[in-house]
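Only one structure is covered here, and it is reproduced in the block below.
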Amino acid sequence: MEIDRRLKNEVAHGKYILEKGEQIWNWSSAAGKLRWARRCELFRGVLGGDGKKILEIGCGTGLFTLEIAKTGNEIIAIDISNDLLGVARKRVYGDNVEFRIENAYQTSFIDGFFDFIVGSSVLHHLDVDRAIREFYRLIKPGGEIIFTEPNMLNPQIAIQKNIPFIKKMVGDSPDETAFIRWNLASKLAKAGFSEVEIVPFDFLHPAIPGFCVNMADLLLRSLERLPVLREISGSLIIRASKKI
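What the sequence shown shows, in numbering that gives the first Met the number 0, is residues 0 to 243, in sequence order.
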């Protein structure tokens, strides 16, 4: 089955990440650290800290889990790769965090269990139609999903995700893709979500040298306010809620 093939590919990708290291995610450079900090601040600001139940999809080695755990909310972090979960469990400690191996298309949780479902750069690994149907089942009425994902309208990302030998060269898994925001918004609405908001952001390239990264960040953030140009930014902030 197609789903089984995708899951096997992602398990294999987990082993690849362990072999090559987390640097393949490009968070370790000066610009990468700034991009990462911005995402973490965004999520923590939305989640707040009122003891809510939060499901993290595709937690990997726990980098993002560590950050959202600081909110004090109850975090359940899932991944299909037992190898990556092993790293995550060593990285993140706390009574408010639980790691589980789960298939994001068919989890073991009851209907309407979570206040938030979140993820950083994970939806583009999934069969998004099947995944968001499951997310809709899991989220409480009034709950929200929040993800940051690659933008297919960015020229570099479009090349990387659509030319197989480049995809393999940069370390992507075979099924990775990216999103055009209008298409994804339509899928979310079809799945039942309301208040769908998908915003392009982040022109800061991880290869920008450290000596000029702060100035570059200020200049590039201004491009996010330009109506046409912002459509080719590197990433998308995806938010949608379930009606009460």
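By construction, the Cβ of each residue, glycine as well, lies at the ideal position given by its N, Cα and C atoms.
* **Span separating the alpha-carbon of Phe-42 from that of Lys-167** => Their backbone Cα atoms lie some 30 Å apart in a straight line.
* Residues bridged to Gly-13 by DSSP? -> DSSP, once it has assigned bridges, lists no residue as partnering Gly-13.
* To do: With Lys-51 as the anchor, note down where its beta strand (DSSP E) starts and where it stops.
  => Element bounds for Lys-51: n/a, residue is neither H nor E.
* How is the beta strand (DSSP E) around Pro-205 delimited, first residue to last? -> Pro-205 -> no beta strand (DSSP E), and no H or E assigned at all.
* Cα-Cα separation between Tyr-135 and Ser-240, rounded to whole angstroms -> Each residue's alpha carbon lies about 9 Å from the other.
* Using DSSP with H/G/I as helix, E/B as strand and the rest coil, what is Ile-237? -> Here DSSP, grouped into helix, strand and coil, assigns Ile-237 to strand.
* For Trp-181, is the classification buried or exposed, using 16 other Cβ atoms within 10 angstroms of its Cβ as the cut-off for buried? -> With fewer than 16 Cβ atoms within 10 Å of its Cβ, Trp-181 is classed as exposed.
* Asked: Just how far apart, CA to CA, sit Gly-141 and Ala-215?
  -> Cα to Cα, the separation comes out at about 38 Å.
* Go through its chain and collect everything with a Cβ distance to Arg-229's Cβ below 8 Å, but skip five positions before and after it. => Only Pro-199, Phe-200, Leu-222, Glu-223 meet the Cβ criterion.
* Start and end of the beta strand (DSSP E) containing Ser-27? -> Premise fails: Ser-27 is in no beta strand (DSSP E) and is neither H nor E.
* To do: Give the range of the beta strand (DSSP E) segment to which Ile-276 is assigned.
  => Only positions 0 to 243 of the chain appear in the structure, and residue 276 is not among them; the question remains open.
* **Alpha-carbon to alpha-carbon, Leu-6 and Phe-63** => Rounded to the nearest angstrom, the gap between the Cα atoms of Phe-63 and Leu-6 is 21 Å.
* To do: May I ask you to list the residues that DSSP assigns as paired with Asp-78?
  => Beta-bridge pairing links Asp-78 to Ile-100.
* To do: Just tell me which of Leu-187, Glu-194, Ser-234, His-204 has its CA closest to the CA of Thr-176.
  => Distances from the CA of Thr-176 to each of Leu-187, Glu-194, Ser-234, His-204 were compared; the closest alpha carbon is that of Ser-234.
* Asked: Cβ of Asn-95 within 8 Å of Cβ of Ile-116?
  -> Going by C-beta atoms, Asn-95 is not nearer than 8 Å to Ile-116.
* Asked: Identify the residues that DSSP records as bridge partners of Val-198: which are they?
  -> The beta-bridge partner set that DSSP reports for Val-198 consists of Ile-236.
* Hey, which unbroken runs of the beta strand (DSSP E) at 3 residues or more fall wholly within the segment 80–161? -> Look at the segment 80–161 and you find these whole runs of beta strand (DSSP E), each 3 residues long or longer: 96–100, 113–119, 138–149.
* For my contact list, Ile-247 and Ala-103 are in at a C-beta cut-off of 8 Å; report their separation, rounded to the angstrom. => Limits of the chain in this structure are 0 at one end and 243 at the other, which puts residue 247 out of reach.
* Could you check how far apart the C-beta atoms of Glu-148 and Ser-120 are, in whole angstroms? I think they sit under 8 Å. => Contact annotation, Glu-148 with Ser-120: C-beta distance approximately 6 Å; criterion of less than 8 Å satisfied.
* C-alpha distance - Arg-34 paired with His-124, whole-angstrom precision -> Each residue's Cα considered, the two are about 20 Å apart.
* **Unbroken alpha helix (DSSP H) run spanning Leu-222, endpoints** => Looking at the DSSP string, the run of the alpha helix (DSSP H) that includes Leu-222 is 212–222.
* Can you name, in chain order, every residue of its own chain whose Cβ lies under 7 Å from the Cβ of Glu-9, other than the five neighbours on each side? -> Non-local beta-carbon contacts of Glu-9 in its own chain, meaning distances under 7 Å to residues more than five positions away in sequence, involve Ile-79, Ser-80, His-124, Ser-172 in chain order.
* What is the DSSP secondary structure of Glu-73, counted as helix, strand or coil? -> Reduced to three states, the DSSP call for Glu-73 is strand.
* Asked: In terms of residues, what are the limits of the alpha helix (DSSP H) holding Phe-164?
  -> Boundaries of the alpha helix (DSSP H) harbouring Phe-164: 163–168, taken from the DSSP string.
* alpha helix (DSSP H) segment containing Ser-172, residue limits -> Taken as a continuous stretch (DSSP letters only), Ser-172 belongs to no alpha helix (DSSP H), as it is neither H nor E.
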